[in-house]
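A.B. asks:
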Amino acid sequence: MSSFNQLMLSAWIKQRASELGFSACGIAPAGYLEDEAPRLEQWLKHGLHGEMKYMENNFDKRLDPRKLVDGAKSVIVFLKNYFPKTTIPQNENYILSKYAYSEDYHNVIKDKLYQLIDELKQKAGNINARPFVDSAPVLERAWAEKAGLGWTGKNTCFIVPKKGSFFFIAEIITDLELACEQISLTDRCGNCRKCIDACPTQAIIAPYVIDAAKCISYLTIELKSQIPADFEGKLHDRMFGCDICQDVCPWNRFSSAHDEPRFIPDQALHDMKKDDWSNLSRDLFDQLFKKSAVKRTRYEGLMRNIRFLSSEPDQE
Ligand code: SF4
Ligand code: SF4
């Protein structure tokens with residue numbers, strides 16, 4: 004394909020991404036993530052991934068998308084805003100991470116990526132293209148950086164200038180050669196360390212390094228065993244995930260509400276209070292979280308978290 008046609012097709016992809024409700028789209032050339040390799044190796048070596056043993060698998064595939072998709076030439080990166088118009092009341096309540104307010108984002112985003120791939124095939128012929136949404140084998144923040152969309156902050160969240168960090172990241176890896184972004188944005192955290200100071204479990208052990216085993220998101224979602232007693236009084240009522248290091252980030256002053264109808268939470272979630280959560284029945288759990296990512300912990304997992312929180316002494 005000529006470079007003119009690559010440019011035209013890349014522009015069309017970005018236009019369609021916007022029409023499908025993505026907040027941003029950028030393209031990077033598929034290749035080995037040289038800078039990420041030592042970082043990932045050290046992170047795993049120091050056991051900072053906790054019980055997430057799956058992180059140890061597919062080391063080579065994580066660093067090279069050509070090992071995930073035959074003949075991969077381009078990584079198309081998409082950002083989808085999930086910042087809610089209204090926060091579910093947090094006062095005297097157990098708190099859900101904002102990304103879990105509504106229908107599971109994996110399904111919402113995958114539907115859009117499949118539609119885009121179908122349309123791309125109609126335009127570009129029989130290409131190889133695979134969608135990935137928050138998928139373990141893809142180092143999504145590294146790709147979003149390479150696609151020129153923002154930078155990874157000291158809290159390890161991906162930050163978009165003047166838009167903040169409440170974005171899902173997704174990719175299409177394809178053997179189609181496209182016009183790629185030429186610039187990566189520089190880190191704009193500067194001297195700020197608000198996220199590090201605000202983290203109630205000191206999980207950000209150094210700028211840009213999270214000890215997942217101390218992170219409330221891991222403790223309330225990934226951890227299968229009991230939450231260690233060391234964390235009593237430190238979870239700040241978070242029952243599924245944690246947004247504290249994003250909520251304090253100055254860049255999130257720029258967050259604006261998403262316009263995705265499938266991300267609007269059920270009104271019943273707004274009406275729940277601590278007592279309702281403590282007495283949550285399996286039926287109500289199924290009803291509230293029918294299509295939600297919260298199903299990942301299952302009823303037992305969420306109730307484990309609620310019991311832990313309800314037995315906590317005063318917060319530190
Ligand atoms: S998500 Fe919560 S626990 Fe994890 S690093 Fe951020 S503030 Fe700390
Ligand atoms: S709170 Fe400050 S240091 Fe942390 S990610 Fe945001 S800008 Fe960077």
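First residue of the sequence shown: 4, per my numbering; consecutive thereafter.
Every residue gets a Cβ at the ideal spot worked out from N, C-alpha and C, and that includes glycine.
All of these numbers come straight from a predicted model, not from anything done at the bench.
1. Please enumerate, following chain order, all residues with a beta carbon closer than 6 Å to at least one heavy atom belonging to ligand 1.
2. Among Lys-276, Phe-266, Leu-287 and Val-141, whose alpha-carbon lies nearest the alpha-carbon of Phe-25?
3. Using only CA atoms, which one of Pro-264, Arg-241, Glu-106 and Ala-40 lies nearest to Glu-95?
4. Going by the C-beta, is Gly-156 closer than 7 Å to any heavy atom of ligand 2?
5. Starting from Glu-174, follow the beta strand (DSSP E) in both directions and report where the run begins and ends.
6. Say the cut is 7 Å; is the CB of Pro-134 nearer than that to a heavy atom of ligand 2?
7. Is the distance from the Cβ of Ala-31 to the Cβ of Trp-146 below 8 Å?
8. Are Ala-14 and Lys-76 closer than 8 Å when you measure CB to CB?
9. Just to confirm, is the Cβ distance from Cys-198 to Cys-252 under 8 Å?
10. Can you tell which of Asn-84, Gln-9, Asp-73 and Arg-191 has the C-alpha that lies nearest to the C-alpha of Glu-263?
11. Leaving out the 5 sequence neighbours to the left and right, which residues in its chain are closer than 7 Å to Leu-152 when beta-carbon positions are compared?
12. CB of Ile-172 to nearest heavy atom of ligand 2: below 7 Å?
13. By alpha-carbon positions, which one of Leu-47, Ile-230, Asp-246 and Leu-51 ends up nearest to Arg-65?
14. Quick check on the burial criterion: 16 or more other C-beta atoms within 10 angstroms. Buried or exposed for Gln-323?
15. Is the Cβ-Cβ distance between Leu-43 and Ala-216 less than 8 Å?
16. Mark Glu-303 as exposed unless 16 or more other C-beta atoms lie within 10 angstroms of its C-beta, in which case mark it buried.
17. Run the proximity test for Ala-132: is its beta-carbon closer than 7 Å to any non-hydrogen atom belonging to ligand 4?
18. Give a single yes or no on whether Pro-253 has its beta carbon closer than 7 Å to a heavy atom of ligand 2.
19. For Asp-274, is the classification buried or exposed, using 16 other Cβ atoms within 10 angstroms of its Cβ as the cut-off for buried?
20. For the pair the segment 97 to 113 and the segment 205 to 214, tell me if three or more CB-CB distances fall below 8 Å.
21. Any heavy atom of ligand 2 closer than 7 Å to the CB of Arg-2?
22. Is Asp-246 close to chain C, meaning its C-beta is less than 8 Å from at least one C-beta of that chain?
23. Would DSSP call Gln-318 helix, strand or coil?
24. Any heavy atom of ligand 2 closer than 7 Å to the Cβ of Ile-162?
25. Below 8 Å on the Cβ atoms is my contact criterion, and I expect Val-141 with Glu-174 to pass it. Report the Cβ-Cβ distance as a whole number of Å.
26. Just reading off the alpha helix (DSSP H) that Leu-272 is part of, what are its end residues?
27. Which whole-angstrom value describes the C-beta separation of Asp-137 and Phe-171, a residue pair presumed to lie in contact below a C-beta threshold of 8 Å?
28. Select from Leu-10, Ile-176 and Thr-89 the residue whose C-alpha is nearest the C-alpha of Ser-258.
29. Leu-188: which of Lys-165, Lys-298, Cys-195 and Gln-290 sits nearest, CA to CA?
30. Who pairs with Leu-82 in a beta bridge, going by DSSP?
31. Put Phe-292 into one of helix, strand or coil per three-state DSSP.
32. Hey, how far is the Cα of Gly-236 from the Cα of Leu-312?
C.D. replies: In short:
1. Listed by position in the chain, the residues whose beta carbon lies within less than 6 Å of some heavy atom of ligand 1 are Asn-158, Cys-202, Thr-204, Ala-206, Ile-207, Ile-213, Cys-218, Ile-219, Ser-220, Cys-245, Ile-247 and Cys-248.
2. If you number the sequence shown from 1, residue 25 lands on position 22. Per the C-alpha coordinates, the member of Lys-276, Phe-266, Leu-287 and Val-141 positioned closest to Phe-25 is Phe-266.
3. In the sequence shown, counting from the first residue as 1, residue 95 sits at position 92. It is Arg-241.
4. Stepping through the sequence shown from its first residue, residue 156 is reached at position 153. Result yes, Cβ under 7 Å from ligand 2.
5. Looking up residue 174 in the sequence shown gives position 171. In the DSSP annotation of this structure, the continuous segment of the beta strand (DSSP E) that includes Glu-174 starts and ends at 170 to 177.
6. For the purposes of this step, residue 134 is identified with residue 131 of the sequence shown, where counting begins at 1. Not under cutoff, so the answer is no.
7. Residue 31 sits at position 28 when you count from the first residue of the sequence shown. Residue 146 sits at position 143 when you count from the first residue of the sequence shown. Yes, the pair counts as a contact, with Cβ atoms nearer than the cut-off.
8. The residue labelled residue 14 in the question sits at position 11 within the sequence shown. The residue labelled residue 76 in the question sits at position 73 within the sequence shown. In this structure, Ala-14 lies away from Lys-76, with their beta-carbon atoms at least 8 Å apart.
9. Residue numbering aside, residue 198 sits at position 195 when the sequence shown is read from its first letter. Residue numbering aside, residue 252 sits at position 249 when the sequence shown is read from its first letter. The beta carbons of Cys-198 and Cys-252 sit closer together than 8 Å.
10. Taking the first residue of the sequence shown as position 1, residue 263 is located at position 260. Considering only Asn-84, Gln-9, Asp-73 and Arg-191, the residue with the shortest C-alpha distance to Glu-263 is Asn-84.
11. Numbered from 1 along the sequence shown, position 149 holds the residue referred to as residue 152. Ala-27, Gly-29, Val-80, Leu-82 and Val-163, listed in sequence order.
12. Taking the sequence shown and counting its residues from 1, one reaches residue 172 at position 169. Not so, every heavy atom of ligand 2 lies at least 7 Å from the Cβ.
13. Taking the first residue of the sequence shown as position 1, residue 65 is located at position 62. The candidate whose alpha carbon is nearest that of Arg-65 is Leu-47.
14. Since the first residue shown for the chain is 4 and the last is 319, residue 323 is missing from the structure and cannot be characterised.
15. Within the sequence shown, the letter at position 40 stands for residue 43. Within the sequence shown, the letter at position 213 stands for residue 216. Not a contact, by the Cβ cut-off of 8 Å.
16. As a working mapping, residue 303 is identified with position 300 in the sequence shown. Glu-303 should be labelled exposed.
17. As for ligand 4, it is missing from this structure, which binds only ligand 1 and ligand 2.
18. Along the sequence shown, one-based indexing puts residue 253 at 250. Yes, the beta carbon of Pro-253 sits closer than 7 Å to at least one heavy atom of ligand 2.
19. For the purposes of this step, residue 274 is identified with residue 271 of the sequence shown, where counting begins at 1. When all chains shown are included, Asp-274 counts as exposed.
20. The segment 97 to 113 is not in contact with the segment 205 to 214.
21. In this structure the chain extends from 4 to 319, so residue 2 is not present and cannot be described.
22. Protein chains in the displayed structure number just one, and chain C is not present.
23. If you number the sequence shown from 1, residue 318 lands on position 315. The predicted position of Gln-318 is uncertain, since its pLDDT is 49 and thus under 50; no value can be drawn from it.
24. Counting from 1 along the sequence shown, the entry for residue 162 is found at position 159. Result yes, Cβ under 7 Å from ligand 2.
25. The residue you call residue 141 lines up with position 138 of the sequence shown. The residue you call residue 174 lines up with position 171 of the sequence shown. Confirmed, Cβ separation roughly 6 Å.
26. The count along the sequence shown starts at 1 and reaches residue 272 at position 269. Going by DSSP, Leu-272 is part of the alpha helix (DSSP H) stretching over 270 to 274.
27. Locating residue 137 in the sequence shown gives position 134, counting from the first residue. Locating residue 171 in the sequence shown gives position 168, counting from the first residue. Contact between Asp-137 and Phe-171 holds: their C-beta atoms lie close to 7 Å from each other, under 8 Å.
28. Counted from its first residue, the sequence shown places residue 258 at position 255. Nearest in C-alpha terms to Ser-258, of all of Leu-10, Ile-176 and Thr-89, is Thr-89.
29. Along the sequence shown, read from residue 1 onward, the residue named residue 188 stands at position 185. Sorting Lys-165, Lys-298, Cys-195 and Gln-290 by C-alpha distance to the C-alpha of Leu-188 places Lys-165 at the top.
30. The residue you call residue 82 lines up with position 79 of the sequence shown. For Leu-82, which the question treats as bridged, DSSP gives the partners Ala-27 and Ile-172.
31. Walking along the sequence shown from the start, residue 292 turns up at place 289. Reduced to three states, the DSSP call for Phe-292 is coil.
32. Translated into the one-based positions of the sequence shown, residue 236 becomes position 233. Translated into the one-based positions of the sequence shown, residue 312 becomes position 309. The C-alpha of Leu-312 is placed about 8 Å away from the C-alpha of Gly-236.
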